[in-house]
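K.L.:
Protein chains: 4
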Amino acid sequence: MNNARTDLAQEAREVWQESSSDTTKLRGVIARDDTVNGFPVSRVKITDEEGAAALGKPVGSYTTLELREISRRDIETFPRAISAVADELSKLIPESFGTVLVVGLGNEHITPDAVGTSAISNIIVTRHLVHRLPDVFGRMRPVAAVAPGVLGMTGIESGEIIRGIIRHIKPDFIIVIDALSSMRLERLCRTVQITDTGITPGSGVGNARVAINRETMGLPVIALGVPTVVDIATIIENFAEDVKLPLPDGALSEYSERLLVTPKDIDVHISDMGRILGYAINKVLQNGITIEEMDEFLS
Amino acid sequence: MNNARTDLAQEAREVWQESSSDTTKLRGVIARDDTVNGFPVSRVKITDEEGAAALGKPVGSYTTLELREISRRDIETFPRAISAVADELSKLIPESFGTVLVVGLGNEHITPDAVGTSAISNIIVTRHLVHRLPDVFGRMRPVAAVAPGVLGMTGIESGEIIRGIIRHIKPDFIIVIDALSSMRLERLCRTVQITDTGITPGSGVGNARVAINRETMGLPVIALGVPTVVDIATIIENFAEDVKLPLPDGALSEYSERLLVTPKDIDVHISDMGRILGYAINKVLQNGITIEEMDEFLS
Amino acid sequence: MNNARTDLAQEAREVWQESSSDTTKLRGVIARDDTVNGFPVSRVKITDEEGAAALGKPVGSYTTLELREISRRDIETFPRAISAVADELSKLIPESFGTVLVVGLGNEHITPDAVGTSAISNIIVTRHLVHRLPDVFGRMRPVAAVAPGVLGMTGIESGEIIRGIIRHIKPDFIIVIDALSSMRLERLCRTVQITDTGITPGSGVGNARVAINRETMGLPVIALGVPTVVDIATIIENFAEDVKLPLPDGALSEYSERLLVTPKDIDVHISDMGRILGYAINKVLQNGITIEEMDEFLS
Amino acid sequence: MNNARTDLAQEAREVWQESSSDTTKLRGVIARDDTVNGFPVSRVKITDEEGAAALGKPVGSYTTLELREISRRDIETFPRAISAVADELSKLIPESFGTVLVVGLGNEHITPDAVGTSAISNIIVTRHLVHRLPDVFGRMRPVAAVAPGVLGMTGIESGEIIRGIIRHIKPDFIIVIDALSSMRLERLCRTVQITDTGITPGSGVGNARVAINRETMGLPVIALGVPTVVDIATIIENFAEDVKLPLPDGALSEYSERLLVTPKDIDVHISDMGRILGYAINKVLQNGITIEEMDEFLS
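Line by line, the protein sequences are chains A, B, C and D.
Using the numbering used here, read the first sequence as starting at 1 and increasing by one per residue.
Using the numbering used here, read the second sequence as starting at 1001 and increasing by one per residue.
Using the numbering used here, read the third sequence as starting at 2001 and increasing by one per residue.
Using the numbering used here, read the fourth sequence as starting at 3001 and increasing by one per residue.
Take a look at the structure:
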């Protein structure tokens, strides 16, 4: 079992279950399936270090929404998906708060890694307006948004840039958006994981080397992630398992290190998910704002 | 054997050989290995319909350059690669010619499909200058360049757009650049195929539905292609073969239809290969132009 | 009087009136002010060659909508502006029609020249879907959309590219979107001119050299234009006139040839107007489609 | 006299001289004309507060290179311009240094404001390589590069973002690149000002509100600026002066606040100057690197 292959706690738990005997109980983990706005939701809570070790993920809560219906492009599905993500996100956010920093991770020049920057372009940025024009914008929350780029382009870890900004603008918490990896093709680009554990190194397409979480940043870090890539070794392993073929350990690691596997219409998915995440964040942060009002602000 | 999995004639021939008994001869195909400017070159000539049927590619000549050394980023490798591509390209181009149209196929919003549009941004466009300022630019060849986009964004087949432009600007021949698919990971983004057979449907990342060749366009079509994606089914099949596992036919076709497999640093590769192809084309079309002069023109 | 300084028939008429004695009547021109959806509308009809000569614009109808309220970003203003543009556009469109080609002119790399390409990115493209999936999309109009780029980048006149595409896809009419020049600062980026006379050379930011109209294209050409630049000579002349200073002819022509004058927040304006024009065109072409449905299609 | 209209110390000095009687001496300012690599260079040194008040610029040294010849696009002009900028820049840089941060200011979505981000895309970023692969890259200087975006998009002042990054990566000095405003059309896009005084509020296209200099950043700030816009009031005032027309104060301030004036081919200028500045910075920071080597690194 290699949990590094998935960034979804839900999948790590599925893998654990498949590899365990029926009678074993996964201690330190509470899981529950649910439905929100008609979408299936899985809630995994890792309650202690035993659970964390078993799933290879930090202690904290992980909510996964399955938004498969958005592929149908019905008129009612997008607003419903935005509300569902907003509802789950709002559970992790304090009742009252001041400035918020939203961070879009990833490389905008590699399509499956661009979900963070795509979401950022859908965020209503208000921090400068609230401060300068309190009469007009005073009832809005001060929100700042940055896309710190990737190490290869800036020479600086994303975490270093974020930490620097935090010191200056002193937000109450940060929301980080990133591309993740999944083990299941059917989850690609149609799933959102929301967690209070931030971003764990080694996730997703790129190669973040430092965690972005409460410990490293000094404040609460809520992460929204969308699986946009699947590890090729996982696909081959699943396939080999189906046909009962034992694979030697590490046989596929070279593939995994070098290759990206992503849907063919990834550009449309990135644009869709960037809008859903951005609008959901706006909805939570700017209390009661409607989709029409966001359209106005952002057009 | 499924030649649809590779756009490289060289690989189709390799597959044929692996699947044939030693004594069989591939009729209708002449192949020869060579070296140009220090790079390995494979030349495959399909001479008749028997050869075409065996390799699943149209009758014509296919030259494949292996430019693996460019990964080392030595100062002398890029100019040497540009010269090698230019030398091979020049063999397919008539001694004397008038206007040339260069076409960059593919979707610039999906990184591995953007090699054509990347090359176009490196083409020295002169048609309007030659016509308007003959005193200054009269010694340059009239070159036009377009990126017709993809069907999903325009609603029009690339071939239809190109045919329309051809009628108006009446080039002597066209050069088309596109992303291809390969069966070998080690060829990804480091190989150039040059052919006089144009573009065959089903190639590469996107889903061209009509051929772009002498027959459909009414004039010679030279195609430059770079394999940027590998069929996932091919990877799994190769793997299964290595471990002597028989796979049922079609077991993997769903994967192939839905997924892209491409290198993790695809953005850098696309930029590198776009520059090499664009500069090689300039070198051939603008007789004797140097890299420094191209830098000036294009900066 | 220099009508080349404005692409708006309404302004050409204002200039004519200012320079004429009260008793003169502008023959060959019918003008009327109106209100549509709460926005001021001016309708100028040039009925014969005498009117055309007086205003320096071709015979045809010109409708100008003043959308100044969109600066306020009220939630109801955008939908109201989209409806107003759609209502005026629909008057120029036949009751029943087949394929339509929408063309976004201009250089996307120069912000004030990018209104055409911005509008194109908001067009619902359906031609390929209607043809391939008639059961699902059969009730939609077949719409194709292209951005032919600019002469300096392609070496080909926009008009040549459009003519070529027309031959292949045989639309019933085309809709062309372009940036225009105005003589009045207060009209910049907040005005839409809709005309059945197509695009006249010398308009706007770039340097179209050939007309794109019924005569050159062989089918009806409806043009939507937004003034995004003002001629600097016009500003200085107006100023000189206010302070009663006679200017020598041509004193300012060098300025006009070399310089662009545009609002400082031009990026926001281009994005706003691109969305309003694109959505208005969708509304007219895809009978009865709502803004929410367009949001789904285009996200 | 309104020095807010120009960001060039050289022009502020010219204005001062024009408005002064012949016998007055400009105290606190030392000026000298020179030639570097065949390009005219003006050196203005503001030595005390009296000079600073007279010119409306902080105490420090200002070098202005006139690179008009690059318009001719001769093959030797670009390398010569890069060397000239590098030579002048190197005079402001200490003999020995550690990490350097290069900052590209401005809004990449407004063409004349994009010279900073254009330069950043030409910077060789090495900080992460030097640290991780000292055997291979140990002889290169550690260079990081960021484009902090604009207040309207992030909600955060550029200066705040830079200050945060400085705290974490602790560079020895920073180099900041920005668009400036000029009073002379002939200087637009063909001039580089290099200064050790950093960036002064109110410069250029956008609206920086805080200075980025040694005082606010806590370390040396070298600024490279290119005038890409001219204040429209200045054009009208110059014109009025030529024709001996007294203008009331402030008559033109509304124009200046709302409008950008920039060359028509601004996209080409931004790309040219971005490359010259980026390559000049590389040349100075990466001791002895050649243009060919930079081409390799950046392609």
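Glycine included, C-beta positions come from ideal geometry on N, C-alpha and C.
Because the structure is a prediction, the values reported are computed rather than measured.
#1: Keeping to the same chain, check which residues put their C-beta closer than 7 Å to that of I1289 of chain B; ignore five residues upstream and five downstream.
#2: I'd like the span of the alpha helix (DSSP H) that includes V2115 of chain C, first residue to last.
#3: List the residues of chain D that E1296 of chain B touches, going by C-beta distances under 8 Å, in chain order.
#4: In the DSSP assignment, what are the bridge partners of K3045 of chain D?
#5: Does any residue of chain A bring its CB to less than 7 Å from the CB of T2299 of chain C?
#6: Taking 7 Å as the CB-CB limit, is G274 of chain A close to chain D?
#7: Please list, in chain order, the chain B residues whose beta carbon lies closer than 7 Å to that of H2269 of chain C.
#8: Could you tell me whether the Cβ of E1292 of chain B comes closer than 7 Å to any Cβ of chain D?
#9: Between L3277 of chain D and I3177 of chain D, is the Cβ-Cβ spacing less than 7 Å?
#10: So for F3137 of chain D, helix, strand or coil by DSSP?
#11: CB-CB under 8 Å to I236 of chain A, same chain, minus the five flanking residues each way: which ones, in chain order?
#12: Would you say E2160 of chain C reaches chain B, if we count a Cβ-Cβ gap shorter than 7 Å as a contact?
#13: Would V3229 of chain D and P3134 of chain D be called neighbours here (beta carbons separated by less than 7 Å)?
#14: Look at the alpha carbon of E1184 of chain B and the alpha carbon of H2168 of chain C, and state the distance between them as a whole number of angstroms.
#15: Determine, for L3089 of chain D, whether the minimum Cβ-Cβ distance to residues of chain F falls below 7 Å.
#16: Which value, in whole angstroms, describes the spacing of the CA atoms of E1095 of chain B and M1140 of chain B?
#17: Comparing alpha-carbon positions, which option in B:V1100, B:I1166, B:E1088 lies nearest A1280 of chain B?
#18: Contact defined as beta carbons within less than 8 Å: I believe I3123 of chain D pairs with A3145 of chain D. What is the distance between those atoms, to the nearest angstrom?
#19: Just the chain A side, please: which residues come within less than 7 Å of L3133 of chain D by C-beta, in chain order?
#20: Use the C-beta contact count for I30 of chain A: other C-beta atoms within 10 angstroms, 16 or more gives buried, fewer gives exposed.
#21: Specify, as a first and last residue, the run of the alpha helix (DSSP H) that A1081 of chain B falls within.
#22: Check the Cβ-Cβ distances between G1278 of chain B and every residue of chain D, and say whether any is below 7 Å.
#23: Let me check understanding here. Comparing Cα to Cα, which of D:P3148, D:E3076, D:A3053, D:E3186 lies closest to I3212 of chain D?
#24: In the structure shown, what three-state DSSP assignment does P246 of chain A receive?
#25: Whose Cβ in chain D lies nearer than 9 Å to the Cβ of P2263 of chain C?
#26: Give a yes or no on whether the minimum CB-CB distance between V2146 of chain C and chain B is below 7 Å.
#27: Distance, Cα to Cα, V3015 of chain D vs S3182 of chain D?
#28: Rounding to the nearest angstrom, what Cα-Cα distance links T2191 of chain C and E2215 of chain C in this structure?
#29: Just tell me which of B:P1142, B:E1018, B:A1054, B:I1194 has its CA closest to the CA of D1242 of chain B.
#30: Can you tell me the Cβ-Cβ gap for P201 of chain A and L8 of chain A, rounded? I've got them flagged as a contact below 8 Å.
#31: Could you spell out where the alpha helix (DSSP H) holding L151 of chain A opens and where it closes?
#32: Quick one: which chain B residues come within Cβ less than 8 Å of I266 of chain A?
#33: Short of 8 Å in beta carbon distance, which residues of its chain neighbour E186 of chain A, apart from the five on each side in sequence? Order them along the chain.
#34: Look up Q193 of chain A in the DSSP assignment and say whether it is helix, strand or coil.
#35: Can you give the Cα-Cα distance for E3049 of chain D and A3240 of chain D, rounded to whole angstroms?
#36: Please check if any C-beta of chain D sits within less than 7 Å of the C-beta of I2236 of chain C.
P.N.:
Based on what the coordinates show:
#1: As a working note, residue 1289 of chain B is residue 289 in the second sequence. Excluding sequence neighbours, I1289 of chain B sits near N1282, K1283.
#2: As a first step, residue 2115 of chain C is located in the third sequence; it is residue number 115 there, counting from the start. Run containing V2115 of chain C: 2115–2120, per the alpha helix (DSSP H) assignment.
#3: Locating residue 1296 of chain B in the second sequence gives position 296, where the first residue counts as 1. Result: R3073, D3074, I3075, T3077, F3078.
#4: Position 45 of the fourth sequence, counted from the first residue, corresponds to residue 3045 of chain D. According to DSSP, K3045 of chain D bridges with D:I3030, D:S3061.
#5: As a working note, residue 2299 of chain C is residue 299 in the third sequence. First, the amino acid is wrong: residue 2299 of chain C is Ser here, not Thr. Output row for S2299 of chain C: interface = yes.
#6: Residue numbering aside, residue 274 of chain A sits at position 274 when the first sequence is read from its first letter. With 7 Å as the cut-off, G274 of chain A does not count as an interface residue toward chain D.
#7: Here residue 2269 of chain C corresponds to residue number 269 of the third sequence, with the count starting at 1. Simply none; closest approach about 24 Å.
#8: The count along the second sequence starts at 1 and reaches residue 1292 of chain B at position 292. E1292 of chain B counts as touching chain D.
#9: The residue you call residue 3277 of chain D lines up with position 277 of the fourth sequence. The residue you call residue 3177 of chain D lines up with position 177 of the fourth sequence. Yes, they are a contact pair.
#10: What you label residue 3137 of chain D is simply residue 137 of the fourth sequence in a count that begins at 1. In the structure shown, F3137 of chain D sits in a helix (DSSP, three-state: H, G or I).
#11: Taking the first sequence and counting its residues from 1, one reaches residue 236 of chain A at position 236. L247, L252, Y255, listed in sequence order.
#12: For the purposes of this step, residue 2160 of chain C is taken as residue 160 along the third sequence, with counting starting at 1. Taking Cβ atoms only, chain B reaches closer than 7 Å to E2160 of chain C, which makes this a yes.
#13: For the purposes of this step, residue 3229 of chain D is identified with residue 229 of the fourth sequence, where counting begins at 1. For the purposes of this step, residue 3134 of chain D is identified with residue 134 of the fourth sequence, where counting begins at 1. Against a cut-off of 7 Å, the Cβ pair of P3134 of chain D and V3229 of chain D comes out as no contact.
#14: If you number the second sequence from 1, residue 1184 of chain B lands on position 184. If you number the third sequence from 1, residue 2168 of chain C lands on position 168. The sequence shown places Arg at residue 1184 of chain B, not Glu. C-alpha separation (whole angstroms): 38 Å.
#15: No chain F is present in this structure, whose protein chains are A, B, C and D.
#16: Residue 1095 of chain B sits at position 95 when you count from the first residue of the second sequence. Residue 1140 of chain B sits at position 140 when you count from the first residue of the second sequence. The straight-line gap from Cα to Cα measures roughly 15 Å.
#17: Numbered from its first residue, the second sequence carries residue 1280 of chain B at position 280. The residue with the shortest Cα to Cα distance from A1280 of chain B is B:E1088.
#18: Reading the fourth sequence from its first residue, position 123 is the one you call residue 3123 of chain D. Reading the fourth sequence from its first residue, position 145 is the one you call residue 3145 of chain D. Yes, they are in contact, since the Cβ atoms of I3123 of chain D and A3145 of chain D sit about 4 Å apart, within 8 Å.
#19: Along the fourth sequence, one-based indexing puts residue 3133 of chain D at 133. The premise fails here: L3133 of chain D is roughly 13 Å from chain A at the closest Cβ pair, so nothing lies under 7 Å.
#20: Reading the first sequence from its first residue, position 30 is the one you call residue 30 of chain A. By the 10 Å Cβ count, I30 of chain A comes out exposed.
#21: Within the second sequence, the letter at position 81 stands for residue 1081 of chain B. Taken as a continuous stretch (DSSP letters only), the alpha helix (DSSP H) holding A1081 of chain B covers 1077–1090.
#22: Numbered from 1 along the second sequence, position 278 holds the residue referred to as residue 1278 of chain B. Judged by the 7 Å Cβ criterion, G1278 of chain B is not in contact with chain D.
#23: As a working mapping, residue 3212 of chain D is identified with position 212 in the fourth sequence. For the residues D:P3148, D:E3076, D:A3053, D:E3186, the minimum Cα distance to I3212 of chain D belongs to D:P3148.
#24: Walking along the first sequence from the start, residue 246 of chain A turns up at place 246. Coil.
#25: As a working mapping, residue 2263 of chain C is identified with position 263 in the third sequence. Within chain D, the residues near P2263 of chain C are R3258, L3259, L3260.
#26: For the purposes of this step, residue 2146 of chain C is taken as residue 146 along the third sequence, with counting starting at 1. Answer yes: the Cβ-Cβ gap between V2146 of chain C and chain B drops below 7 Å somewhere.
#27: Looking up residue 3015 of chain D in the fourth sequence gives position 15. Looking up residue 3182 of chain D in the fourth sequence gives position 182. About 12 Å.
#28: The residue labelled residue 2191 of chain C in the question sits at position 191 within the third sequence. The residue labelled residue 2215 of chain C in the question sits at position 215 within the third sequence. One C-alpha to the other measures close to 27 Å.
#29: Working through the second sequence from its first residue, we reach residue 1242 of chain B at position 242. Taking only the C-alpha atoms, the option nearest D1242 of chain B is B:E1018.
#30: Counting from 1 along the first sequence, the entry for residue 201 of chain A is found at position 201. Counting from 1 along the first sequence, the entry for residue 8 of chain A is found at position 8. No, P201 of chain A and L8 of chain A are not in contact; Cβ-Cβ is about 16 Å, not under 8 Å.
#31: Residue 151 of chain A sits at position 151 when you count from the first residue of the first sequence. It spans 151–154 - the alpha helix (DSSP H) in which L151 of chain A sits, taken as one unbroken run.
#32: Counting from one through the first sequence, the residue named residue 266 of chain A turns up at place 266. Per Cβ cutoff of 8 Å: I1110, L1260.
#33: Taking the first residue of the first sequence as position 1, residue 186 of chain A is located at position 186. Result list for E186 of chain A: R68, in chain order.
#34: Here residue 193 of chain A refers to the residue found at position 193 of the first sequence. Here Q193 of chain A sits in strand by DSSP.
#35: Your numbering for residue 3049 of chain D matches position 49 in the fourth sequence. Your numbering for residue 3240 of chain D matches position 240 in the fourth sequence. So the two alpha carbons sit approximately 32 Å from each other.
#36: Residue numbering aside, residue 2236 of chain C sits at position 236 when the third sequence is read from its first letter. Output row for I2236 of chain C: interface = yes.
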